[in-house]
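Visitor:
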Amino acid sequence: MRFPGLATSLRYKLILSTAAILLATLGLTALYVGHVQSRLLSDSLEDRVRALGNFVSLISPSSIYAYDINALDRFIHQITTDPDIRFAMIIAPNGAPLTTVTPPDMDRKAILSIVGQADRDSPLHVARYPIMANGDRLGDVVFGVERSRLRSQVNAYLVNQILIDLAIVSFLVAVIYWVLHVTVLKPVTHLMDGAARVGHGDYSQRVPVSSSDEMGRLSGCFNAMTERIRDEQSALKTLNRELADEIEFRRNAEKHLLEAKQAAEDASRAKSDFLASMSHELRTPLNAILGFAQMMQYDPRQPLTEKQNESVESILTGGNHLLDLVNEVLDLARIEADRLELQLEEVDAGALIGDCVAMTRPLGEGRDIAVINEAAGVPAAIVRTDAMRFKQVLINLLSNAIKFNRDHGAVTVRLDQTETGYARIAVTDTGIGIAEKDFPSVFQMFHRLNVDPMIAREGTGIGLAVTKLLVERMAGRAGFTSTEGVGSTFWVELPLTSNTDILIWTNALRVGVDAIDRDHRTLVMLWGKVNAHDIHELDLDDVIDELLDYTNHHFRREEAIMAVCGVPDREVHAERHRELITELNALVAVWRERRDLASFLAFRDFLKEWWTVHIVKQDTKIAHYAKKHEAEIEIALLRI
């Protein structure tokens, strides 16, 4: 493609600008030279007139003394032969003319009028020279100098100079244009043609390089640029093909990953359903077996022999143990499937502890292990929790304390109230303790401590894990301290009813979208950890970091769900997310700088308001739009 308009315009601009510059330069030069020439001609005329006047002044005194008018006339006639002198006259001292030479179109009276006006308004220049003799003034020689011929000479000179300047300008313009055409315009035209080809995707042709000056280097750079673009285009095409293959691979991998994830979730749900179903199926015959065994043991009509009674006791012991295992598996399945429903109520922790101690005390009598209830004499601690799950947690801790204790040992239960609004129940034993290397694994699922197999070999290894999960679901926390060979203390903290700054995950907090509810449940549990910590505990920062990270993660997931489901005003909702994160980060920064109770409470109160206002009132609106979008939601969340 050519650019004739651009090239033509550039040529015209070049010609016009060059001509204008030359004309201006030569015009100014001509005017200056004309002015100088005019001054030279004018000075020459004045010198000639002055010479004539001095000549007449020298030769006329004798004629004036003799009153020889004829001689004076001859002198004047000789002067007027000069073409630039229009008239000449000799005037006596009294102003009377002695002799006069006038042109045909002027009379003596007009000449005297011009001489009297002193050249103020006359087109003629009047020159007056005195005639002196012996110090006496005999009169004046007066000339009328005509300047028209001088102007004509100057004009003629200017016209000739203009013609010469025009010729010079034309020649210089032609020469400059030819030079610039060869050195600039032609390379520029080649560059424009090359740029047009590049614009159409043709990188095969090179621009001619005709010189080694700037234009030549520019053409060389253009060629290098096109070659680089061509190479990069080729590399880009190769990269695009590879990228397309990678996208296809990733798409297939994403599809397989989604299928695998879906299969894993289906398998997990199937496992949980199976465990729950199996647990129910096992509990029914187990209860029947235990019931029949008890009937056999206490049937007065057919009393058992001592050996038969021992066998029935074995059946009851094994059956009860198996029933405990089934119950643990059932609880685990319910928690994993998010089917654990809590029945919150206000209960007396001391009374529940007394019940649990009474139920577990017989377990230690055979090994002479004393179960001491130090919570009996402390002030009442009313907690808001699920009473049945509270007993399950405490019985599990008491059972473990007895199971892993030494013969003739002791188990002590304490009840305290923390300054942060929690009831702390601690179960201390005098058993074998836990090795420090096993600390990180104590609450892990299906983990059994490497202890003496003669002391404790039974169990599934999920009791402590279920205990910790149950406590965290009830907005509490669990922990332990232990010294190998001395004993262990396992403790749990549950919120008092006076603690109004906690949230416990129940069905009332569900918004109706499984993925969002799972995130909210995790956030509630993390928030519960934050509230359960003392502000001076070192691991509080770790819990806060985990809360911040998961909050950001949850917001990304929730915004992806809203985009897939087409939720109206989702941009407003997302903007509120950004505002919440900004406020949350600011409060955390203040807390980390000050480390005081006021900044911690401000952070905690903000979290509570966020839950009660934003999640409960805003996120519940998403469920209406999420219906029938389950598959799209899973794909969107997989890409985050």
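First residue of the sequence shown? That's 21 in this note's numbering, and the numbers climb one at a time after it. We put the CB at the ideal spot given by N, CA and C, even for glycine.
Express the C-alpha separation of residue 451 and residue 316 in angstroms, rounding to a whole number.
Guide: Cα to Cα, residue 316 sits roughly 37 Å from residue 451.
Visitor: Apart from the five residues on each side of it in sequence, which residues of its chain come closer than 7 Å, Cβ to Cβ, to residue 582?
Guide: Answer for residue 582: 590, 593, 642, listed in chain order.
Visitor: Does the segment 142 to 159 touch the segment 74 to 90, meaning 3 or more C-beta pairs lie closer than 8 Å?
Guide: Yes, since at least three Cβ pairs between the segment 74 to 90 and the segment 142 to 159 fall closer than 8 Å, the two stretches touch.
Visitor: Looking at the structure shown, is residue 273 part of a helix, part of a strand, or coil, going by DSSP?
Guide: Note: residue 273 maps to helix in three-state DSSP.
Visitor: From this set, 584, 532, 551, which residue's C-alpha is nearest residue 649's C-alpha?
Guide: Selected option, being the one with the closest Cα: 584.
Visitor: Is the number of C-beta pairs between the segment 217 to 227 and the segment 73 to 80 that are closer than 8 Å three or more?
Guide: Not touching, per the Cβ criterion.
Visitor: Three Cβ pairs or more, each shorter than 8 Å: is that satisfied between the segment 485 to 497 and the segment 390 to 402?
Guide: No: the two stretches stay apart, fewer than three of their Cβ pairs being nearer than 8 Å.
Visitor: List the whole-angstrom C-beta distance separating residue 109 from residue 79, where the pair is believed to meet the contact cut-off of C-beta under 8 Å.
Guide: Actually they are not in contact, since the Cβ atoms of residue 109 and residue 79 sit about 16 Å apart, beyond 8 Å.
Visitor: Let me check understanding here. Comparing Cα to Cα, which of 92, 283, 485, 162 lies closest to residue 105?
Guide: Residue 162 is the option with its Cα nearest to residue 105.
Visitor: Do you know offhand how far residue 46's Cα is from residue 189's?
Guide: Looking at the two C-alpha atoms, the distance is approximately 8 Å.
Visitor: Answer with buried or exposed for residue 423, where buried requires no fewer than 16 other C-beta atoms within 10 angstroms of its C-beta.
Guide: Per the 10 Å Cβ criterion, buried.
Visitor: Give a yes or no on whether the C-beta atoms belonging to residue 421 and residue 375 are separated by under 9 Å.
Guide: Going by C-beta atoms, residue 421 is not nearer than 9 Å to residue 375.
Visitor: Would you call the segment 520 to 537 and the segment 617 to 633 touching, i.e. three or more CB-CB distances under 8 Å?
Guide: Enough Cβ pairs lie closer than 8 Å, so yes.
Visitor: For residue 324, which residues from the same chain have a beta carbon less than 8 Å from its beta carbon, with the 5 sequence-adjacent residues on both sides left out?
Guide: Here the set comprises 316, 317, 332.
Visitor: Which stretch, first to last residue, makes up the alpha helix (DSSP H) that contains residue 93?
Guide: Taken as a continuous stretch (DSSP letters only), the alpha helix (DSSP H) holding residue 93 covers 89 to 100.
Visitor: Helix, strand or coil for residue 80? Go by DSSP, reduced to three states.
Guide: DSSP places residue 80 in coil when its eight states are reduced to three.
Visitor: Assuming residue 210 contacts residue 239 (C-beta within less than 8 Å), just tell me the rounded distance between them.
Guide: The pair is a contact, with the Cβ atoms about 7 Å apart (cut-off 8 Å).
Visitor: Would you kindly check if the distance between the Cβ of residue 336 and the Cβ of residue 313 is under 9 Å?
Guide: Yes, these two residues count as a Cβ contact at 9 Å.
Visitor: Measuring alpha carbon to alpha carbon, tell me which of 612, 418, 412 ends up nearest residue 382.
Guide: That would be 418, whose Cα lies nearest to the Cα of residue 382.
Visitor: Would you give the residue range spanned by the beta strand (DSSP E) that residue 166 belongs to?
Guide: No beta strand (DSSP E) contains residue 166, which DSSP labels as neither H nor E.
Visitor: Put residue 343 into one of helix, strand or coil per three-state DSSP.
Guide: Helix, per DSSP.
Visitor: Excluding the five sequence neighbours on either side, which residues of its own chain have a C-beta within less than 6 Å of the C-beta of residue 226, listed in chain order?
Guide: Within the same chain, residue 226 has close Cβ partners 243.
Visitor: Where residue 330 and residue 362 are concerned, what is the direct C-alpha to C-alpha distance, given to the nearest angstrom?
Guide: Cα to Cα, the separation comes out at about 40 Å.
Visitor: Taking C-alpha atoms, which residue in 579, 580, 550 lies nearest to residue 568?
Guide: Comparing Cα positions, the closest option is 550.
Visitor: Where in the segment 204 to 268 do unbroken runs of the alpha helix (DSSP H), each at least 4 residues long, occur, reported from the N-terminal end onward?
Guide: Fully enclosed alpha helix (DSSP H) runs of 4 or longer: 206 to 219.
Visitor: Let's test the definition: count the other Cβ atoms within 10 Å of the Cβ of residue 89 and tell me whether it reaches 16, buried, or not, exposed.
Guide: Label assigned to residue 89: exposed.
Visitor: Could you name the residues that DSSP lists as bridge partners for residue 448?
Guide: DSSP output for residue 448 lists 432, 509 as bridge partner(s).
Visitor: Just how far apart, CA to CA, sit residue 656 and residue 575?
Guide: Their backbone Cα atoms lie some 13 Å apart in a straight line.
Visitor: Just to confirm, are residue 402 and residue 439 a CB contact at a threshold of 9 Å?
Guide: No, the pair does not count as a contact, with Cβ atoms beyond the cut-off.
Visitor: Out of curiosity, what's the CA-to-CA distance linking residue 502 and residue 454?
Guide: The alpha-carbon atoms of residue 502 and residue 454 are separated by roughly 6 Å.
Visitor: Just verifying my parser: in three-state terms, what is the DSSP assignment at residue 368?
Guide: Residue 368: strand per DSSP, three-state reduction.
Visitor: If you run the structure through DSSP and keep just helix, strand and coil, what is residue 438?
Guide: Note: residue 438 maps to coil in three-state DSSP.
Visitor: Find the nearest neighbour of residue 107 within the set 146, 113, 64, 115, judged by alpha-carbon distance.
Guide: That would be 146, whose Cα lies nearest to the Cα of residue 107.
Visitor: Would you mind working out which of 444, 537, 493 sits nearest residue 516, comparing C-alpha positions?
Guide: Selected option, being the one with the closest Cα: 444.
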